[in-house]
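S.K.:
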Amino acid sequence: MQELLGKPVADAIYKKAKTRISLLREYGYIPRVAMVQIGTASDDTFYKHSLIRQCEKIGIQADDVSLPQSITEDDLIHQIQRFNEDAEIHGVMIFRPLPDHISNEKISTFLDHCKDVDYMNPDNLGKIIIGKSRGRLPGTPAAVMEMLDYYEIPLAGQDVVIVNRSLVVGKPLAMLLLDRNATVTICHSRTKNLIEKMKAADIVVSAVGKPELFGAECFDSHSCVIDVGINKRQDGSMCGDVRYSELESLVVAASPVPRGIGAVTSAVLLRNVVYSCRQLSGLSLVASFEERWG
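Take the sequence shown: its letter number 206 is residue 605 in this note's numbering, and every next letter is one higher.
This is the structure we're talking about:
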């Protein structure tokens, strides 16, 4: 079995991003992102700090924005509007899930689509559906595509099962795969004969969010498994949706959790900031810049 590790994929993304950040700096622009955490959830704090450290490594300026769990929806919208109007901020990353009293859809709509690092604004999601999304892409779906490409997993003509139907993963990922001529089936909690569908697929992407739900019974010798789930066992250790140890002598390739797709998602999100800086600066219209951008 080929182990699909995330670090080499992420490193390749960061390497290219760092080169492009140096180019932006030559033209007087420093990519800058506001990282917005609402509340004090330890997982969010840990993730935010890891992203800020990575920003420092590649040359992105990161603003650490901490807001109280009790913030009202209107106050959060006002804060977002300030980010929208600040020409020096090129991206806004809002850590989710949001508190129950705040509408995720409403917040995504108010955030300037050009600064939407997570790619949740309806305008951005629409671009994916019509195949007009270039450069910036939603984090986890793009990370899956990057991993498949890095490890040269063929897509054209392949049967892909996605066990997730959300706007965050399943639906945008299906569109990206269709653009690459894959045949896509989206499965969910009401899907009949789920195991049979998974076992027949060439590629299975699971983003269920239930610890080690799927095992060897769901896959075959031709399967490539991308585990997007990030869960915790009862002892607090991290795991995916898939019982990874059962795959080693069975499938063609699989991504572990941890050490898998998570690192790539982080890299994609920070790359989105770089693309936003290019777009908002107007440099994408400068021929000499674009020649060097590549």
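Every residue gets a Cβ at the ideal spot worked out from N, C-alpha and C, and that includes glycine.
In whole angstroms, what separates the C-alpha of A433 from that of V464?
M.R.: For this step, residue 433 is matched to residue 34 along the sequence shown. For this step, residue 464 is matched to residue 65 along the sequence shown. So the alpha carbons of these two residues sit roughly 7 Å apart.
S.K.: Using the Cα positions of K531 and V559, report the straight-line distance between them to the nearest angstrom.
M.R.: The sequence position of residue 531 within the sequence shown is 132, counting from 1. The sequence position of residue 559 within the sequence shown is 160, counting from 1. Cα-Cα distance, rounded: 22 Å.
S.K.: What is the DSSP secondary structure of H507, counted as helix, strand or coil?
M.R.: Along the sequence shown, one-based indexing puts residue 507 at 108. Just to set this straight, residue 507 is Ser in the shown sequence, not His. In this structure, S507 counts as helix in the three-state DSSP scheme.
S.K.: My parser needs the alpha helix (DSSP H) runs of 4 or more residues fully inside the region 576-616; what are they?
M.R.: Whole alpha helix (DSSP H) segments, 4+ residues: 593-599.
S.K.: Kindly indicate which three-state DSSP category E402 falls into: helix, strand or coil?
M.R.: Locating residue 402 in the sequence shown gives position 3, counting from the first residue. E402: strand per DSSP, three-state reduction.
S.K.: Could you pull the start and end residues of the alpha helix (DSSP H) that L668 belongs to?
M.R.: Against the sequence shown, residue 668 aligns to sequence position 269. Looking at the DSSP string, the run of the alpha helix (DSSP H) that includes L668 is I660 to S680.
S.K.: With distances taken between CB atoms, is the gap from D601 to Q633 smaller than 8 Å?
M.R.: For the purposes of this step, residue 601 is taken as residue 202 along the sequence shown, with counting starting at 1. For the purposes of this step, residue 633 is taken as residue 234 along the sequence shown, with counting starting at 1. The answer is no: Cβ separation not under 8 Å.
S.K.: Excluding five sequence neighbours on each side, which residues of the same chain lie with their C-beta closer than 6 Å to the C-beta of E611?
M.R.: Taking the sequence shown and counting its residues from 1, one reaches residue 611 at position 212. Taken in chain order, the residues that qualify are C638 and R642.
S.K.: For the region 541-553 and the region 650-662, state whether three or more C-beta atom pairs, one from each stretch, are separated by less than 8 Å.
M.R.: In short, these stretches touch, since the Cβ pair count reaches three.
S.K.: From K406 to P657, what distance separates their C-alpha atoms?
M.R.: Here residue 406 refers to the residue found at position 7 when the sequence shown is read from its first residue. Here residue 657 refers to the residue found at position 258 when the sequence shown is read from its first residue. Each residue's Cα considered, the two are about 11 Å apart.
S.K.: Which two residues bound the contiguous alpha helix (DSSP H) that contains Q347?
M.R.: Lying outside 400 to 693, the shown extent of the chain, residue 347 is not represented and no answer is given.
S.K.: Check whether the region 524-539 and the region 566-584 are in contact - that is, three or more C-beta pairs closer than 8 Å.
M.R.: With a cut-off of 8 Å, the region 566-584 and the region 524-539 count as touching, because enough Cβ pairs lie within range.
S.K.: Rounded to a whole number of angstroms, what is the C-alpha to C-alpha distance between M435 and L536?
M.R.: As a first step, residue 435 must be located in the sequence shown, where it is residue number 36. As a first step, residue 536 must be located in the sequence shown, where it is residue number 137. First, the residue type needs correcting, since residue 435 is Val and not Met in the sequence shown. Looking at the two C-alpha atoms, the distance is approximately 19 Å.
S.K.: Short of 8 Å in beta carbon distance, which residues of its chain neighbour P430, apart from the five on each side in sequence? Order them along the chain.
M.R.: Here residue 430 refers to the residue found at position 31 of the sequence shown. Once the five neighbours on either side are set aside, the close Cβ partners of P430 are I420, L423, G458, I459, Q460, H489, G490, V672, V673, S675 and C676.
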